[in-house]
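To start, the structure itself, in structure tokens.
Protein chains: 2
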Amino acid sequence: MNVSTRFTVALHVLTLLALSAGKALTSEYIAGSVNTNPVVVRRLLGTLRKLGIVSSQPGNGGGWELAVAPGKLSLRDIRQALNEGSPFSMHSQTPNPKCPVGKNIQRILSPIYDEAEQAMEARLARTTILSLLRSVQETQRK
Amino acid sequence: MNVSTRFTVALHVLTLLALSAGKALTSEYIAGSVNTNPVVVRRLLGTLRKLGIVSSQPGNGGGWELAVAPGKLSLRDIRQALNEGSPFSMHSQTPNPKCPVGKNIQRILSPIYDEAEQAMEARLARTTILSLLRSVQETQRK
DNA sequence: CTTAATCGTATCCACAATGGTTACGCATGA
DNA sequence: TCATGCGTAACCATTGTGGATACGATTAAG
Numbered sequence: 092m093n094v095s096t097r098f099t100v101a102l103h104v105l106t107l108l109a110l111s112a113g114k115a116l117t118s119e120y121i122a123g124s125v126n127t128n129p130v131v132v133r134r135l136l137g138t139l140r141k142l143g144i145v146s147s148q149p150g151n152g153g154g155w156e157l158a159v160a161p162g163k164l165s166l167r168d169i170r171q172a173l174n175e176g177s178p179f180s181m182h183s184q185t186p187n188p189k190c191p192v193g194k195n196i197q198r199i200l201s202p203i204y205d206e207a208e209q210a211m212e213a214r215l216a217r218t219t220i221l222s223l224l225r226s227v228q229e230t231q232r233k
Numbered sequence: 092m093n094v095s096t097r098f099t100v101a102l103h104v105l106t107l108l109a110l111s112a113g114k115a116l117t118s119e120y121i122a123g124s125v126n127t128n129p130v131v132v133r134r135l136l137g138t139l140r141k142l143g144i145v146s147s148q149p150g151n152g153g154g155w156e157l158a159v160a161p162g163k164l165s166l167r168d169i170r171q172a173l174n175e176g177s178p179f180s181m182h183s184q185t186p187n188p189k190c191p192v193g194k195n196i197q198r199i200l201s202p203i204y205d206e207a208e209q210a211m212e213a214r215l216a217r218t219t220i221l222s223l224l225r226s227v228q229e230t231q232r233k
């Protein structure tokens, strides 16, 4: 397995919720669009609910709704909400401190990795859930 | 486990090879600096050898050497050599094509993911193995 | 008050990626 | 001839991930 698909699934679901603004969607319905299990959806949206991004209503007639204007939700916000880690990872074992490279390499790489990740996030920040919704709607219109 | 540590280990090893330019290092010695197993080092450097980045010499007195000037090796080059995948991953199951979001979301996200990855790589392209070596040497001098 | 629908969450499982380890053949230089 | 070291296959333990079942709690409807 490579990287988590949660980010992509989250964007998919949030776009779906934006499309159905004002109408709560059940985890079962959402799972049907994503093609996964309702529990997977509830787990994912549970994380976003804790951060106030979506709200849920249990019981009959319940379901999930966006709790934030989709234009206020950037892809970077979602990525950070999901606690997606750095695309980089240091050694699994601490390198040998007796080696000048081993002793310093992590300290040297760390800011470079940070900057690279920030560059990536800057691009993600430029797109919102509303942008995604508009793209979907644009396609529908054709 | 999160993401592969191979990229970091590769940068570590290449910097070490740059530091020992002109002198071949054995996989056992290198493993001692990285704090891992020699086979792990040989596996990793084997990949880089196929791309002409390092060279190896079997037998007594053999080992590994840089085959390219460290100033010509950017971190992006190494990342691409290792075939490190995108930091993003699409759904594990194909989303429901009957849903307007499910039908289009991957096509919409794809170029955004590409641009974000390219932004990350642009930063990596600005640093070379020689830069890392200089940083290590700078520390040593203090 | 009863019932159906739905979330919240624990638990278990299968699968794949990763890195560590052993083993052994082959190449090389002394 | 022998020690050294690469090349590579094979196996394993660990971990992350997503799928699945189950069941209690909550809510609206009637």
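Going down the list, the sequences are from chains D and X.
The first sequence runs 92 to 233 under this note's numbering.
The second sequence runs 92 to 233 under this note's numbering.
Even for Gly, the Cβ is constructed at its ideal location relative to N, Cα and C.
Remember, predicted model here, so these are calculated numbers, not experimental data.
Check: residue i C-beta below 7 Å from any heavy atom of the ligand ZN
i	result
Y120(X)	Among the components of this structure there are no ligands whatsoever, and the ligand ZN is therefore not found.
Candidates the options, of which the one nearest residue i by Cα
i	options	result
Y120(D)	C190(X), E208(X) and A213(X)	C190(X)
V125(D)	A112(D), T106(D), G113(D) and S226(D)	T106(D)
H182(D)	N174(D), N195(D) and E175(D)	N195(D)
I203(D)	T127(X), S118(X), T218(X) and G193(X)	T218(X)
T127(X)	T96(X), I144(X), T138(X) and K114(X)	T96(X)
P129(D)	V100(D), R198(D) and Q184(D)	V100(D)
A112(D)	Q184(D), S146(D), F98(D) and T138(D)	S146(D)
T230(X)	Q231(D), F98(D), V192(D) and G176(D)	V192(D)
T185(D)	R198(D), G176(D), E175(D) and N174(D)	R198(D)
F98(D)	E175(D), I144(D) and D205(D)	E175(D)
Proximity below 8 Å, CB of residue i to CB of residue j
i	j	result
V104(X)	L136(X)	yes
G154(X)	N187(D)	no
A216(D)	L157(D)	no
M211(D)	A207(X)	yes
V94(X)	F179(D)	yes
S118(D)	R133(D)	yes
L116(D)	L102(X)	no
Where residue i meets chain D, residues with beta-carbon distance less than 8 Å
i	result
S226(X)	N195 and I199
T218(X)	I203
L110(X)	P191 and V192
L139(X)	Simply none; closest approach about 16 Å.
Chain D contact residues for residue i, given Cβ-Cβ distances below 9 Å
i	result
R232(X)	Within chain D, no residue comes near R232(X); the closest Cβ sits about 11 Å away, beyond 9 Å.
Within chain D, partners of residue i - CB distance below 7 Å
i	result
R214(X)	E206, A207 and A210
L142(X)	Chain D residues near L142(X): none, gap ~20 Å exceeds 7 Å.
Contact list for residue i against chain X, beta-carbon separation under 7 Å
i	result
L157(D)	The premise fails here: L157(D) is roughly 13 Å from chain X at the closest Cβ pair, so nothing lies under 7 Å.
L223(D)	I199
(message) Quick check: the region 157-177 of chain D against the region 210-228 of chain D, are at least 3 beta-carbon pairs closer than 8 Å?
(response) yes
(request) Taking 8 Å as the threshold, find out whether the region 145-161 of chain D comes into contact with the region 170-181 of chain D through three or more Cβ pairs. (result) no
(request) Could you list the residues in the region 159-178 of chain X with a C-beta less than 9 Å from some C-beta on chain D, going in chain order? (result) L166, E175, G176, S177 and P178
(message) Tell me which residues of the region 177-204 of chain D have at least one Cβ-Cβ distance to chain X shorter than 7 Å, keeping chain order.
(response) P178, F179, S180, M181, H182, S183, Q184, T185, P186, N187, C190, P191, V192, G193, N195, I196, I199, L200 and I203
(request) Quick one: which residues of the region 116-136 of chain D get their C-beta closer than 7 Å to a C-beta of chain X? List them in chain order. (result) G123, S124, V125, N126 and T127
(message) Give me the subset of the region 92-105 of chain X whose CB atoms are less than 7 Å from a CB atom of chain D, sorted by chain position.
(response) N93, V94, S95, T96, F98, T99, V100, L102 and H103
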